[in-house]
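Here is the structure we will look at.
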């Protein structure tokens, strides 16, 4: 009888160890899954930031180009007016 009890106790210990190991593996899998998800989110955030910066830069470049063009037209218009005035004198 004592031998049987020892065997049963050993079997219970093995089952407890197996259950601990299973829980540990599940927890590690959850941690890994969360890490991958966090990395994906960070990569997506970085992509979006780059896209926003690119769009802002494009808008700024277009705005600067429009200002240069307006200034060029304004200056060329003044030059024409001056030359026209000089011709009429």
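Numbering (my numbering), first residue to last: 1 to 89. Backbone N, C-alpha and C fix where the C-beta goes; we use that ideal spot for every residue, glycine too. Quantities reported herein were computed from a predicted structural model and do not represent experimental measurements.
Is residue i helix, strand or coil when you go by DSSP?
| i | result |
| --- | --- |
| residue 41 | helix |
Taking only the alpha-carbon atoms, compute the straight-line gap between residue i and residue j and give it to the nearest angstrom.
| i | j | result |
| --- | --- | --- |
| residue 17 | residue 30 | 20 Å |
| residue 59 | residue 71 | 18 Å |
| residue 22 | residue 37 | 23 Å |
| residue 10 | residue 26 | 24 Å |
| residue 46 | residue 39 | 10 Å |
| residue 6 | residue 44 | 57 Å |
| residue 15 | residue 34 | 29 Å |
| residue 51 | residue 12 | 58 Å |
| residue 57 | residue 28 | 43 Å |
| residue 93 | residue 32 | Summary: the structure shown does not reach residue 93, with the chain confined to residues 1 through 89, and so no result is reported for it. |
| residue 3 | residue 20 | 26 Å |
With a CB to CB cut of under 7 Å and the five nearest residues on each side skipped, what residues in its chain are close to residue i?
| i | result |
| --- | --- |
| residue 53 | none |
Just to confirm my understanding: we take residue i, look at its own chain, exclude 5 residues before and 5 after, and list those with CB closer than 6 Å. What are they?
| i | result |
| --- | --- |
| residue 55 | none |
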